[in-house]
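**Student:** The opening position of the sequence shown corresponds to residue 39 in this note's numbering, with each subsequent residue numbered one higher. For glycine and all other residues, C-beta sits at the position ideal for the given N, C-alpha and C. Take a look at this one; I'll ask things after.
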Amino acid sequence: MPLLAYTHSGEPLVAPLLSDHEWEHLRFARNRDAWMPYGKGRAIPKVSRLGTRFFAHPPGQASAGAQESDLHLSIKAQSLLGAQAAGWEALPEQSGTTPDGRDWRADVLCRRPGKAWTVAVEAQVQLQGEETYRQRQERYAASGIRALWLVAHEPAVLHRYWREPDPDLPAFKTTVGNDQHGRPEAQVQIDGLSLSIPEFVSGALSGKLHWSGNGRHGILMLVLRTDQCWHRTCRRAVLLAYRAETLRRMPLDFGAIRTMHGYDDAYARARAALPDLADSPWPFRNVLASRCPHCRREIRYHSHDWEGQDVLDVPIGVDVGEQGRRLGLTPHARWHWGPQTRWTRWAPLGGVGLVAHRRLAMRPRRLGPRTG
Numbered sequence: 039m040p041l042l043a044y045t046h047s048g049e050p051l052v053a054p055l056l057s058d059h060e061w062e063h064l065r066f067a068r069n070r071d072a073w074m075p076y077g078k079g080r081a082i083p084k085v086s087r088l089g090t091r092f093f094a095h096p097p098g099q100a101s102a103g104a105q106e107s108d109l110h111l112s113i114k115a116q117s118l119l120g121a122q123a124a125g126w127e128a129l130p131e132q133s134g135t136t137p138d139g140r141d142w143r144a145d146v147l148c149r150r151p152g153k154a155w156t157v158a159v160e161a162q163v164q165l166q167g168e169e170t171y172r173q174r175q176e177r178y179a180a181s182g183i184r185a186l187w188l189v190a191h192e193p194a195v196l197h198r199y200w201r202e203p204d205p206d207l208p209a210f211k212t213t214v215g216n217d218q219h220g221r222p223e224a225q226v227q228i229d230g231l232s233l234s235i236p237e238f239v240s241g242a243l244s245g246k247l248h249w250s251g252n253g254r255h256g257i258l259m260l261v262l263r264t265d266q267c268w269h270r271t272c273r274r275a276v277l278l279a280y281r282a283e284t285l286r287r288m289p290l291d292f293g294a295i296r297t298m299h300g301y302d303d304a305y306a307r308a309r310a311a312l313p314d315l316a317d318s319p320w321p322f323r324n325v326l327a328s329r330c331p332h333c334r335r336e337i338r339y340h341s342h343d344w345e346g347q348d349v350l351d352v353p354i355g356v357d358v359g360e361q362g363r364r365l366g367l368t369p370h371a372r373w374h375w376g377p378q379t380r381w382t383r384w385a386p387l388g389g390v391g392l393v394a395h396r397r398l399a400m401r402p403r404r405l406g407p408r409t410g
């Protein structure tokens, strides 16, 4: 089910990029000037069950393995629209060979007008392991092409990559739901956003996709809860930092993280942004201690969660170093979208990122045996 055909003179006809007038003219033309690649006969314009325009081979001339899913076809078509919106030229179903003779075939190949082909977009609907992704990516790299992978199959097979992504394999979870008409619709998940395929491809080609990671800069999360100063002359609301954790929710010791480079500057910036935030806590016997930001009296409090409470997640940027690694804090390495000021779960070194509200889940209560 190709998206590409050619005129007799060799001009490409990309089905999703044709205007309605051009498409209807092809459909009803008596001597249609549209031919399948590699001399496979006259192209037949058709529309898939998801509304994607494509070209079909004449009966009996389809090559083995030419069938593909409607979803795969749709994602390819949407990728072409995204490339066009970014002002790039794009062709589907393009093949090439590495300098050492290895073949590759791109779902969509993109280039800036008049430049070399430099970006491939791959819609991966069939299950594929990480090793195969990397092998195929290496072929593209050997040909001077950067590939973006839209992972629309079961994501669990790439569980190691999702935990530790890297810049050499730009792969993104692509979920499939239903649009307002009940038809399957793919969305790319990145930085807490759900983007349509055209929006993601257009943005990626326009410089909105960024890799963040230098091997030292790490992110830890301060978890704050609202409380009240205990002293009768104050009784004002305070925000208490009662837990620190990694982005994977692993707890960190306040006594240890207070000495990390960047922590003091970041906490000072957090206090400037949140005037009710108490001092950075320190361990006191079996609890934590801090000072009220209003009356400066010492406050002591427990560090456990309160079920169902609202908390604030405040990301701060620190230098991981050897100490951070011993604590289980790893350098930040992740794909982000748009300007830094909108990146989620990220903060500059010695700074504060986007503050997020969260409600702690209620744990189900276990009921005892019934009594008569």
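1) Thinking Leu188 and Ala161 are a contact (beta carbons under 8 Å), I'd like their distance in whole angstroms, please.
2) Unbroken alpha helix (DSSP H) runs of length 4 or more, entirely within the stretch 233 to 316: which are they?
3) Between the stretch 325 to 339 and the stretch 238 to 252, are three or more C-beta pairs nearer than 8 Å?
4) Suppose you measure from the CA of Leu278 to the CA of Pro54; what does that come to, to the nearest Å?
5) Is the Cβ of Gly167 closer than 9 Å to any Cβ of chain C?
6) Enumerate in chain order the residues of its own chain whose CB-to-CB distance from Thr264 is below 7 Å, with the five nearest sequence positions on each side excluded.
7) Write down every uninterrupted run of the beta strand (DSSP E) in the stretch 308 to 387 whose length is 3 residues or greater and which is fully enclosed by it, in chain order.
8) What do you get for Pro97, buried or exposed, if any count of 16 or more other CB atoms within 10 angstroms of its CB means buried?
9) With the cut-off set at 9 Å, would you say Thr382 and Ala394 are in Cβ contact?
10) Could you please give the first and the last residue of the uninterrupted alpha helix (DSSP H) stretch that includes His395?
11) Residues in the same chain with beta-carbon distance under 8 Å from His59, minus the five sequence neighbours each way, listed in chain order, please.
12) Within a Cβ cutoff of 8 Å, which residues of the same chain sit near Gln105, ignoring the five residues on either side of it in sequence?
13) Using only alpha-carbon positions, find the residue among Leu290, Leu247, Asp204 that is nearest to Gly376.
14) Mind pulling the alpha helix (DSSP H) runs of 4 or more residues that sit fully within the stretch 126 to 176?
15) Can the beta-carbon of Arg150 be found less than 9 Å from the beta-carbon of Glu127?
16) Using beta-carbon positions only, say whether Leu365 and His255 come within less than 9 Å of one another.
17) Note the first and the last residue of the continuous beta strand (DSSP E) segment covering Tyr44.
18) Would you mind giving the Cβ-Cβ distance between Val325 and Leu262, rounded to the nearest angstrom? I have them listed as a contact below 8 Å.
19) Are there 16 or more other CB atoms within 10 angstroms of the CB of Ser117, so buried, or fewer, so exposed?
20) Which first and last residues belong to the alpha helix (DSSP H) in which Lys78 is found?
21) Tell me which residue opens and which closes the beta strand (DSSP E) that Glu49 is part of.
22) The beta strand (DSSP E) spanning Gly120 covers which residue range?
23) Got a sec? Which residues, its chain only, sit under 8 Å from Pro289 by beta carbon, not counting five neighbours each side?
24) Residue range of the alpha helix (DSSP H) that Arg198 falls in?
25) Quick one: Cα of Thr136 to Cα of Glu176, how far?
26) Rounded to whole angstroms, what is the Cα-Cα separation between Lys84 and Val226?
27) Kindly indicate which three-state DSSP category Leu222 falls into: helix, strand or coil?
28) Whose CA, out of His46, Ile82, Ser57, lies closest to the CA of Asp71?
29) Rounded to the nearest angstrom, what separates Ala87 and Asp108 at their Cα positions?
30) Go ahead and pull the three-state DSSP assignment for Leu207.
31) Just to confirm my understanding: we take Gly355, look at its own chain, exclude 5 residues before and 5 after, and list those with CB closer than 7 Å. What are they?
32) With DSSP as the reference, label Arg68 as helix, strand or coil.
33) Pro96 by DSSP, collapsed to three states: which one?
**Tutor:** Inspection of the coordinates gives the following:
1) For the purposes of this step, residue 188 is taken as residue 150 along the sequence shown, with counting starting at 1. For the purposes of this step, residue 161 is taken as residue 123 along the sequence shown, with counting starting at 1. 5 Å between Cβ atoms; contact.
2) Listed in chain order, the alpha helix (DSSP H) runs fully inside the stretch 233 to 316 are 235 to 243, 292 to 295, 301 to 311, counting runs of at least 4 residues.
3) Three or more beta-carbon pairs separated by less than 8 Å are not found between the stretch 325 to 339 and the stretch 238 to 252, which leaves the two stretches without contact.
4) Taking the first residue of the sequence shown as 1, we reach residue 278 at position 240. Taking the first residue of the sequence shown as 1, we reach residue 54 at position 16. Rounded to the nearest whole angstrom, the C-alpha separation of Leu278 and Pro54 is 55 Å.
5) The displayed structure is made up of one protein chain only, and chain C is not part of it.
6) Counting from 1 along the sequence shown, the entry for residue 264 is found at position 226. The residues are Ala275, Leu277.
7) Runs found: 320 to 322, 325 to 329, 336 to 339, 348 to 357, 372 to 375.
8) Here residue 97 corresponds to residue number 59 of the sequence shown, with the count starting at 1. Per the 10 Å Cβ criterion, exposed.
9) Here residue 382 corresponds to residue number 344 of the sequence shown, with the count starting at 1. Here residue 394 corresponds to residue number 356 of the sequence shown, with the count starting at 1. Yes, Cβ-Cβ distance for Thr382 and Ala394 is below 9 Å.
10) As a first step, residue 395 is located in the sequence shown; it is residue number 357 there, counting from the start. In the DSSP assignment, His395 falls outside any alpha helix (DSSP H) and within the unbroken beta strand (DSSP E) covering 394 to 397.
11) One-based indexing of the sequence shown puts residue 59 at position 21. Beyond the five residues adjoining it in sequence on each side, His59 comes within less than 8 Å, by CB distance, of no other residue in the same chain.
12) As a first step, residue 105 is located in the sequence shown; it is residue number 67 there, counting from the start. Result list for Gln105: Met39, in chain order.
13) Translated into positions along the sequence shown, residue 376 becomes position 338. The residue among Leu290, Leu247, Asp204 with its C-alpha nearest the C-alpha of Gly376 is Leu247.
14) The stretch 126 to 176 contains no whole alpha helix (DSSP H) run of 4 or more residues.
15) If you number the sequence shown from 1, residue 150 lands on position 112. If you number the sequence shown from 1, residue 127 lands on position 89. Taking 9 Å as the Cβ cut-off, Arg150 and Glu127 qualify as a contacting pair.
16) Walking along the sequence shown from the start, residue 365 turns up at place 327. Walking along the sequence shown from the start, residue 255 turns up at place 217. Cβ distance not < 9 Å, so Leu365 and His255 don't count as in contact.
17) Here residue 44 refers to the residue found at position 6 when the sequence shown is read from its first residue. If you look at Tyr44, you'll find it in the beta strand (DSSP E) that goes 42 to 44.
18) Reading the sequence shown from its first residue, position 287 is the one you call residue 325. Reading the sequence shown from its first residue, position 224 is the one you call residue 262. About 16 Å; that fails the 8 Å criterion.
19) Counting from 1 along the sequence shown, the entry for residue 117 is found at position 79. With 16 or more other Cβ atoms within 10 Å, it is buried.
20) Residue 78 sits at position 40 when you count from the first residue of the sequence shown. Boundaries cannot be given for Lys78, as no alpha helix (DSSP H) includes it and DSSP labels it neither H nor E.
21) The sequence position of residue 49 within the sequence shown is 11, counting from 1. Per DSSP, Glu49 lies in no beta strand (DSSP E) segment and is marked neither H nor E.
22) Against the sequence shown, residue 120 aligns to sequence position 82. Segment 108 to 123 is the alpha helix (DSSP H) holding Gly120; no beta strand (DSSP E) there.
23) For the purposes of this step, residue 289 is identified with residue 251 of the sequence shown, where counting begins at 1. Closer than 8 Å at the Cβ level, and outside the excluded window around Pro289, lie Arg281, Ala282, Glu283.
24) Walking along the sequence shown from the start, residue 198 turns up at place 160. Run containing Arg198: 197 to 201, per the alpha helix (DSSP H) assignment.
25) Against the sequence shown, residue 136 aligns to sequence position 98. Against the sequence shown, residue 176 aligns to sequence position 138. Glu176 has its alpha-carbon roughly 10 Å from the corresponding atom of Thr136.
26) Taking the sequence shown and counting its residues from 1, the one referred to as residue 84 is at position 46. Taking the sequence shown and counting its residues from 1, the one referred to as residue 226 is at position 188. Answer to the nearest angstrom: the Cα atoms are 27 Å apart.
27) In the sequence shown, residue 222 corresponds to position 184, counting from 1. This sequence places Pro at residue 222; Leu is not what is there. Under the three-state reduction of DSSP, Pro222 is assigned to strand.
28) Position 33 of the sequence shown holds residue 71. Taking only the C-alpha atoms, the option nearest Asp71 is His46.
29) Your numbering for residue 87 matches position 49 in the sequence shown. Your numbering for residue 108 matches position 70 in the sequence shown. Checking the displayed sequence, the identity of residue 87 turns out to be Arg instead of Ala. Arg87 and Asp108: Cα-Cα distance of roughly 7 Å.
30) Along the sequence shown, read from residue 1 onward, the residue named residue 207 stands at position 169. DSSP places Leu207 outside both helix and strand once states are collapsed to three, so it counts as coil.
31) As a first step, residue 355 must be located in the sequence shown, where it is residue number 317. Closer than 7 Å at Cβ, skipping near neighbours: His255, Ile257, Gly300, Ala304, Ala385, Pro386, Leu387, Gly388, Gly389.
32) One-based indexing of the sequence shown puts residue 68 at position 30. Arg68 falls in the coil class under three-state DSSP.
33) By 1-based counting over the sequence shown, the position of residue 96 is 58. Shown here, Pro96 sits in coil according to DSSP, grouped into three states, outside any helix or strand.
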